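Novice:
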Amino acid sequence: MQELVNRAKELLADGTVVRVLGWKAGDLPYNPEPAYFTSAEELDNFVYNGFCGANLSKYMIEASKLEGKTMVCLKPCDTYSFNQLIKEHRVDRDKAYIVGVGCKGKLNVDKLKEMGIKGIQSISGAEMSDACDTLTIQTLYGEKTCAYADAMLERCHVCKGKEHMIYDEIIGESKDTKDAERFAEVEKIEAMSPEEKFAFFQKELSKCIRCNACRNVCPACSCRKCVFDSTKFDTAQKANVDSFEEKMFHIIRAFHVAGRCTDCGECSRVCPQGIPLHLFNRKFIKDINEFYGEFQAGADSEARGPLTNFTFEDCEPSIVTERR
Amino acid sequence: MSIEKEFRPKIVAFCCNWCSYAGADLAGSSRLAYPADVKIIRVPCSCRVNPMFILRAFQKGADGVIMCGCHPGDCHYSTGNYYARRRMTLLFSMLDYIGVENGRTRVEWVSAAEGVKFSTTMNEFVEKIHSLGENVRLEDLRCKN
Amino acid sequence: MFKIAKENLSALFSKIAETNELYLPVKVANQTNFAYWTEEAEVDLDTLKTVKSAKDAFFPQSENLYTCTKEDKKIKITPEELQSQNFVVFGMKACDVKGVEVLDKVFLAEPVDTFYAARRAHGTIVALACHEPEETCFCKVFGTDCADPVADVATWMIDGELYWKAITEKGEALTKAVEGLLVDADETKVEEEKAAIRAIVEKLPYSNLSLEGWNGDVLMEKFESPVWEELYKPCLACGTCTFVCPTCQCYDIKDYDTGHGVQRYRCWDSCMYSDFTMMAHGNNRNSQMQRFRQRFMHKLVYFPANNDGMYSCVGCGRCVDKCPASLNIVKVIKAFENQGGNE
Amino acid sequence: MQRIGVFVCHCGSNIAATVDVKKVVEMALLEPGVVHAEDYQYMCSEAGQAKILEAVKEKGLTGIVVCSCSPRMHEATFRKAAERAGVNPYMVEIANIREHCSWIHKDMEEATKKAVILARAAIAKVNLNAPLQPGESRVTKRALVIGGGIAGIQTAIDIADAGYEVDIVEKTPSIGGRMSQLDKTFPTLDCSACILTPKMVEASAHEKINIYTYSEVEKVTGFVGDFTVDIRKKARSVDMNKCTGCGVCQEKCPSKKAPSEFNRGLNTRSAIYTPFAQAIPNVPVIDRDACIKFKTGKCGLCEKVCQAGAIDYAQQDEIITEKYGAIVVATGFDTIKLDKYDEYAYSQSKDVITSLELERIMNAAGPTKGHLERLSDGKAPKEMVFIQCVGSRCADNRGKSYCSKICCMYTAKHAMLIRDKYPDVNVTVFYIDVRTPGKNFDEFYRRAVEEYGVNYIKGQVGKVAPLPNGKLLVQGADLIDNKQILKEADMVVLATAIEPDPSVRKIATMLTASIDTNNFLTEAHPKLRPVESPTAGVFLSGVCQGPKDIPETVAQAGAAAVKAIGLLAKDKLMTNPCTAKADELMCNGCSTCANVCPYGAITYEVKQVNDHGIREDRRIAVVNNALCQGCGACTVVCPSGAMDLQGFSNRQILAEVDAICR
């Protein structure tokens, strides 16, 4: 991390960038927040550890509007989002100095809490310099340990790899943390009967409080005005008054990001109700791969997305019925 | 006569102006009957049909939604139905995934010359919806009478 | 003081449900929220904090106000009926109970919100002391004692037994109704538990947070502080903090065309949303900084200024837990401390 | 709120026999916005239309719903009636209660119920209609033809004959194209040059035609009727005005090693050259890569020998900017590269040639002065083998999936010509199928077989191997006799697949004209609009659209010319007002809509917007109403719903959905 801070200071000092977009230490062991730094002094609060899960790509939409270049710290998976944002002209590549930061998998404090670990006072083992295989947690109710991988975010178990797709320089080692099949969960649902599927999603979506965290954190949901906030479309809703509305919201949201979603997993990370929202996006990704050929959004900043493309031989919608 | 209320499905059909709407016109002028449950909305092209329209139809009480367009390769706008085909394939797959009965949605390519196909398709579709019964999984209770 | 063994709780719940709607923490798809009790519900009294607060019991996320229907060319208006069924909210924590006090200030003041008032009149609160407070809790800062909640009935879960103490008349009435299931108990264990809880509270990282200087007197100074410009930046403008908050009381009123009438309903709104207070002429808070500032100024300055110093934050810490960008009211308070913004 | 009038047509008994029109009128009156409703025998009649005029006058209608036959029948009629009544024609909606209702339902109650719902949907839509005005755009009365082959020449002559200025842009030093390289043409065996040269002369002499050779299209902006094109006139190093075309410079030029493009590299040419004797213009260019003066600074011989003083080494590329109303693409074709077909030994033996190379060999002006001889040793061949479908109809991705269409016929031509001129030469043709649809085509092929004794073998050749004796061993299969064939040949001719000239990709991008996976330009409609590109104002001529022979090319060239003339004949274009429109405040500038627009109608501008008090410069989609055809593809890919279609807006369609589902 020190290397990162030093480099940031250099870049600020030599005028390459006028600000640094990274993470600032929080007031609890696990809550660093995305932050801008404009001076060497401010960088003393810079932190980069296992809890820096936030994908900073989307912040670059606003940063692109500011004067001067911004040094932005992007993890390998974040770079996919950044590419996608370039493709959609939402960020300005020339306004970004991308430091590809190393990543050994990011942590989800809710996983610790699910294990019954509460009253957390300090956590060690989550620094980038650590091996990142065990966490030791001091709590008000005694010391606990936990395997690093057991506390990882869902997305890290299906890691897209340790390569950065776009960067100006790379600082720090990365690790491919994949230890699960990306589409296993989707396949499990696909194998269910319609009744089971319906019950599963009904239950999960019933928790939705329409806080819009999934949407607002999503780098693909970068609309200035979401259709669900727009009075022009007769779709504005602030609450799920009927269970239909949560389905409408999540299906349409997933549809709008289909072919654009990089599977960064931020939606599931931020959902206060722990709804596995990635299951929607990943279903579309799986279908797209199967129907139209493998496609990874954000692998580059040029390729046409699958929904703005076609071939004469595309399958018919009846395939949905036929393959059952 | 039985007093029991017969299930009369509400069915929305989106038809592109150039092929399918004309196909429906031909079905009409050829007096090829299909149930009155089907109501047609004219759109310029199948690519104008937003998935939102389909969900909205279900929300407001539709029991089935069918979209008809020109055959692939014959689109008046040359490529519209190719995009529509991908969109609908993905949408239908998603509806299937969340447990909505298969067959409540359908896409059929009907040319301006295929009055018979239009009529047959609608007859089949209405029958299918009859077998599936009332739309419950995509209903909005507020809109129920 | 009474007690009941944990394994008899379901009997207690069905007894309460005989004459009341019962609202209590239920686990659905791995998350615990307040919900109506049914035989099948997975009641979860172990999770310290439900995701949403118990606010819905009195002020639901959405509720109908009236329905308009058309008869020929005339419009008929049918108002929604007020709550008339008694109900019990079981297992509320001290902070959430305090949250209801905050809501009372808003909805029971003139003009009285009849929907809310009806629910308050028919609702009985059974509070549950916090067994193992967590690092995000800071109710102590607002003078709440989570070891000894003040509600219609206070309860403690100690070693597999629920201790039960009626406090108000409503509480007495409920106790009477379920008397058959309760046994007498003495307070020794409860006192021990209280002491243990309080000892932990002392050790919580946020317990010493100072609210000095947060009041109506410093309104403009706080409002104009440059600190906000820095603080808001990570904010995603989502409504998570608002919707999990036990005291946020803003709502929007909307119409829904059902096809055979129009339902006028209200639903929670969030001051973090870009269309909050959007009016025909536009919005008086155009930037996220302004919206962000509004939320905290309201909780810590405007509200106490208008309500005898009562803050509209109860220190439940849900926003600390749930904010996707790790922002929260504690960080705001601390930022002003560090900036010397309190002078 | 609109003031809507609803007019229910009986259509004699066509509607009224199954739909209770009175009931429809009664129910319509209950709908919001409806201030007038009536029924009438024949709404489309003069008297029926007069009802509309009357009601507009009396009730001040702002919107009109006609419940009648299909809008495909009478929408235009009622729109005109509305216009006469002073109501915007786009404030009219039709509820189709005949084709979609009365004609297909027998039960009166049921049909009436449905008619009421269809009327309700139309009323709901009209409530959200807005007056629309067709736009106007002017037409520049000048056409651009890209490509100076037979397709381009014919198109240009036809347009010019109609009285419009035409510019031809040709990238090589002369017009003439592929046809100028051919020796004879099937099925008449005319000399290609004899029929092409007069056309070339006609074009160059035409007062309305202006030819830019050695020039390329650099940039295209604008839209139908009003294109602005930058043309790069490459430096010729010879002054066109001074050169007399005497040819001395070419004779004297000491650098004669450059491969001749015209002769497909079979021989060489000088550094200063005209591609062929009949080139138009007859002005040479200096190939600066081959010229000694340009490479070393020494030489300058051509300048010395040029009596006209036309040599200008300092000449620079010139950019000419011109405005056009219509653009015709006639970029033609080339043969595919054979590097993936090494089994035919094309790269190993000089005696394996392509058919186009054979054309040059057979031609009196070609590298062998028209003598059929082996390029390796100059000997006359005795055994010749032709291999069909080299790279055409290819199942794998080495070649092209399509049939190149012309090969069967030119191979028959070659075989016949060889057998005619050199009766001692045996000719064998390996083919998959012989395809001869066309006037006198099959007769021609049969003559080759029956009169000229050409040996046709159905089967494919697996390998051609050069032998130490200088011959070529051809290993093939005879599928009819089901046997392997080994044949020693002196020459092998490959009927190489044709593909669109590679330059078309860049041009298609500039024109936003779509191309298919094989790089052929796409037609606006494969059957009904085969010579128009989906991009308005862009027309297709010749092989750039698909494989064709000469007569088809000429026919299409004429058709493209007619389409262009039809456009140029107009002073102004009225544009369809049902076009897409982006809400500036909601647009993200993400370019997704532009990606799916088949017409290239969407561009992006950086505009200053005032978003509720926040002023920002934003990248915003702008729809060109002259190009947009109103399909709506863009509206669905726009996640924010910023892009909407006028006349079929999101809210209008949703209102119809709601009205139907109510």
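Chains as they are written, first to last, in my numbering: chain D, 1 to 324; chain P, 325 to 469; chain X, 470 to 812; chain G, 813 to 1474. C-beta atoms are modelled at their ideal positions from N, C-alpha and C, and glycine is treated no differently. Since the model is a prediction, treat every value here as computed from it, not as a measurement.
Starting from the N-terminal side, write out each stretch of the beta strand (DSSP E) that is 3 residues or longer and does not extend beyond the region 1368-1411 of chain G.
Specialist: Runs of the beta strand (DSSP E) inside the region 1368-1411 of chain G: 1384-1386, 1392-1394.
Novice: Can you list, in chain order, the residues of its chain whose CB lies under 7 Å from that of R754 of chain X, leaving out five sequence neighbours each side?
Specialist: Counting only Cβ-Cβ distances below 7 Å, and skipping sequence neighbours, we find T746, R760, Q763.
Novice: Between the alpha carbons of I1426 of chain G and N341 of chain P, how many angstroms are there, rounded?
Specialist: The alpha-carbon atoms of I1426 of chain G and N341 of chain P are separated by roughly 41 Å.
Novice: Who are the Cβ neighbours of L1323 of chain G in its own chain at under 8 Å, not counting the five residues just before and after it?
Specialist: Excluding residues within five positions, the ones whose Cβ falls inside 8 Å are V1032, I1139, V1141, S1345, T1347, V1350, G1412.
Novice: If I'm right that G708 of chain X touches Y742 of chain X with Cβ under 8 Å, what's the distance once you round it to whole angstroms?
Specialist: Yes, they are in contact, since the Cβ atoms of G708 of chain X and Y742 of chain X sit about 6 Å apart, within 8 Å.
Novice: I'd like to know whether the C-beta of C226 of chain D is nearer than 8 Å to at least one C-beta of chain G.
Specialist: It does: the Cβ of C226 of chain D has a partner Cβ on chain G nearer than 8 Å.
Novice: Who pairs with N752 of chain X in a beta bridge, going by DSSP?
Specialist: According to DSSP, which records beta bridges pairwise, N752 of chain X is partnered with X:M747.
Novice: Give a yes or no on contact between the region 220-227 of chain D and the region 255-270 of chain D, applying the rule of three or more CB pairs nearer than 8 Å.
Specialist: Because the criterion of three Cβ pairs below 8 Å is met, the region 220-227 of chain D and the region 255-270 of chain D touch.
Novice: If I measure Cβ to Cβ from L650 of chain X and keep anything under 8 Å in the same chain, skipping five residues before and after, which residues do I get?
Specialist: The residues are I473, N477, A480, L481, K484.
Novice: Looking only at its own chain, which residues have a Cβ that is under 6 Å from the Cβ of V47 of chain D, when we skip the five neighbours before and after it?
Specialist: If we look at V47 of chain D and ignore the five residues flanking it on each side, its Cβ neighbours are W23, A25, P32.
Novice: Examine chain G for any beta-carbon lying closer than 8 Å to the beta-carbon of N374 of chain P, and answer yes or no.
Specialist: For N374 of chain P, the answer is yes, since a Cβ of chain G falls inside 8 Å of its Cβ.
Novice: Taking CB distances under 8 Å as the criterion, tell me whether S326 of chain P reaches chain G.
Specialist: Confidence at S326 of chain P is low in this model, with a pLDDT of 46, below 50, so its placement is unreliable and the value that follows should be read with caution. Not closer than 8 Å to any Cβ of chain G, the Cβ of S326 of chain P fails to qualify, so no.
Novice: Which one of G:A1047, G:A1070, G:G1354, G:I1269 has the shortest CA to CA distance from F1145 of chain G?
Specialist: Considering only alpha carbons, the answer is G:G1354.
Novice: Give the range of the beta strand (DSSP E) segment to which P548 of chain X is assigned.
Specialist: Unbroken beta strand (DSSP E) run through P548 of chain X: 543-548.
Novice: Can you tell me whether DSSP reads L940 of chain G as helix, strand or coil?
Specialist: Correct three-state label for L940 of chain G: coil.
Novice: Using a Cβ distance threshold of 8 Å, determine whether the region 961-970 of chain G contacts the region 386-400 of chain P, with at least three qualifying pairs required.
Specialist: No, they do not touch.
Novice: Give every residue of the same chain whose Cβ lies closer than 7 Å to the Cβ of K283 of chain D, excluding the five residues on either side of it in the sequence, and list them in chain order.
Specialist: For K283 of chain D, where only same-chain residues beyond five positions count, the Cβ hits under 7 Å are V186.
Novice: Using a beta-carbon distance below 8 Å, is P368 of chain P in contact with chain G?
Specialist: Judged by the 8 Å Cβ criterion, P368 of chain P is in contact with chain G.
Novice: Could you check whether the Cβ of G1401 of chain G sits closer than 8 Å to any Cβ belonging to chain D?
Specialist: Yes - at least one Cβ of chain D is within 8 Å of the one on G1401 of chain G.
Novice: Could you tell me which chain X residues have their CB closer than 7 Å to the CB of I120 of chain D, listed as they occur along the chain?
Specialist: Chain X residues near I120 of chain D: E604.
Novice: Using a Cβ-Cβ cutoff of less than 7 Å, which residues in the same chain neighbour E604 of chain X once the five nearest sequence positions on both sides are dropped?
Specialist: Once the five neighbours on either side are set aside, the close Cβ partners of E604 of chain X are L673, P674.
Novice: Does P1342 of chain G have its Cβ less than 8 Å from a Cβ in chain B?
Specialist: Considering every chain present, this structure includes no chain B. Its protein chains are D, P, X and G.
Novice: Please decide whether V1449 of chain G counts as near chain D, where near means a Cβ-Cβ distance under 8 Å.
Specialist: So yes, V1449 of chain G belongs to the interface.
Novice: Beta-carbon within less than 7 Å of Q530 of chain X's beta-carbon, same chain only, minus the 5 sequence neighbours each way: which residues are those?
Specialist: Cβ within range, chain order: C736, W737.
Novice: If the cut is a Cβ gap below 8 Å, which residues of chain X does G1424 of chain G touch?
Specialist: Note that residue 1424 of chain G is His in the sequence shown here, rather than Gly. Neighbours of H1424 of chain G on chain X, chain order: G751, N752, N755.
Novice: Which partner residues does G53 of chain D have in the DSSP bridge list?
Specialist: Paired residue(s): none; G53 of chain D is not in a bridge.
Novice: Give the secondary structure of D94 of chain D by DSSP, where H, G and I count as helix, E and B as strand, and everything else as coil.
Specialist: DSSP places D94 of chain D in helix when its eight states are reduced to three.
Novice: Provide the residue span of the beta strand (DSSP E) that contains R1044 of chain G, from first to last.
Specialist: Run containing R1044 of chain G: 1038-1045, per the beta strand (DSSP E) assignment.
Novice: Measure the Cβ-Cβ separation of G784 of chain X and V575 of chain X and say whether it is below 8 Å.
Specialist: Their beta carbons are not under 8 Å apart, which means G784 of chain X does not touch V575 of chain X by this criterion.
Novice: Which of helix, strand or coil does DSSP assign to V581 of chain X?
Specialist: Reduced to three states, the DSSP call for V581 of chain X is coil.
Novice: W633 of chain X bridges to which residues according to DSSP?
Specialist: BP columns for W633 of chain X point to X:F471, X:T624.
Novice: Of all Cβ atoms in chain D, is any one closer than 8 Å to the Cβ of R1258 of chain G?
Specialist: Taking Cβ atoms only, chain D never reaches closer than 8 Å to R1258 of chain G, which makes this a no.
Novice: Taking Cβ-Cβ distances shorter than 9 Å, what residues in chain P pair up with M152 of chain D?
Specialist: What M152 of chain D touches in chain P: nothing, since even the nearest Cβ is about 26 Å away.
Novice: Between A1467 of chain G and K937 of chain G, what straight-line distance do the alpha-carbon atoms span, to the nearest angstrom?
Specialist: Between A1467 of chain G and K937 of chain G, the C-alpha separation is close to 6 Å.
Novice: Output, in sequence order along the chain, the residues in the region 819-846 of chain G whose CB is closer than 8 Å to any CB in chain X.
Specialist: Residues passing the 8 Å Cβ filter: L842.
Novice: Using only CA atoms, which one of D:N83, D:A40, D:V91, D:F51 lies nearest to E62 of chain D?
Specialist: With distances taken between Cα atoms, E62 of chain D lies closest to D:V91.
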